[in-house]
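Counting in the working numbering, the sequence shown runs from 4 upward without gaps.
Quick reminder that beta carbons are idealized off the backbone N, C-alpha and C, glycines included.
Shown next, in C-alpha cells, is the structure this report addresses.
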Amino acid sequence: MADYDIRRVTLERKGIKTLELTCDVAGDIEKKTAGYAMFMAKVDLDNNLKTGQEAEGLGSDINIRIYQDANSRGWQAIVDKVSPVSASEEFAIDKLSVRLHRVSVKLTSKAFKRLGPVRFVLMAEAQGTAIDRVPDKDAMVVNLD
Numbered sequence: 004m005a006d007y008d009i010r011r012v013t014l015e016r017k018g019i020k021t022l023e024l025t026c027d028v029a030g031d032i033e034k035k036t037a038g039y040a041m042f043m044a045k046v047d048l049d050n051n052l053k054t055g056q057e058a059e060g061l062g063s064d065i066n067i068r069i070y071q072d073a074n075s076r077g078w079q080a081i082v083d084k085v086s087p088v089s090a091s092e093e094f095a096i097d098k099l100s101v102r103l104h105r106v107s108v109k110l111t112s113k114a115f116k117r118l119g120p121v122r123f124v125l126m127a128e129a130q131g132t133a134i135d136r137v138p139d140k141d142a143m144v145v146n147l148d
C-alpha cells in the first residue's frame, strides 16, 4: 500500500469561479490500487457550522472526493453536495491530476464567486482504513476573497 501520509495541502482561488485543491503525500501515489483509496476534502463554503452537515469540526457544504477502487479505470473525482447551501449549485471538475506524490483537482462553480473565509479538512484513507487527516483537529481556515 502506498504512503498517503499528507505532507502539504492547499486550497487556492484560480479564477473568479475556480478553486484548486492540491495535496502532497509522503510517497508516490499508485496509478492503480489493489483495493480502495480516497482523498476527501470536507469544505464549509460559508464558514457556518449550522448551515452544513456537521462533521469533522465544521459544517460541511461539499465533499470533494478523489478516489479509486479495484474496478475503476484509474483515479476519479466527484463533488458531493451535502447541505442546503450547496444543493441548488452546480459544481464541475475541470481537471484532475494524480502524479508522483501529488494529487490536485480544479473545480468550477458559481458558488465560488462570493467566498470569504472557507473552512476545510482533508482526509486520506486506503482500503477502509484512515491514514491521515489535516489538520489533526478542528479545520483549516483559508480566506479566498
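Counting C-beta atoms within 10 angstroms of its own C-beta, R76 has fewer than 16 neighbours from the protein chains shown and is therefore classed as exposed.
Taking 7 Å as the cut-off, the Cβ atoms of A142 and R122 count as close. In the same chain as I65, and ignoring 5 residues on each side of it, the C-beta atoms closer than 7 Å to its own belong to V46, L48, V82, D83, K84, V85, S89 and F94, in chain order.
Every alpha helix (DSSP H) of 4 residues or more that sits fully in the segment 70 to 101 is shown, in chain order, as 87 to 90. Beyond the five residues adjoining it in sequence on each side, R16 comes within less than 7 Å, by CB distance, of L22 and L147 in the same chain, given in chain order. When secondary structure is reduced to three states using DSSP, A114 falls in the helix class. Assignment of I32 by DSSP, reduced to helix, strand and coil, places it in the coil class. Annotation: A40 to G119 spans about 31 Å, alpha carbon to alpha carbon. Burial state of L24 is buried, judged by a 10 Å Cβ sphere holding 16 or more other Cβ atoms. For D135, DSSP records a beta bridge to A127.
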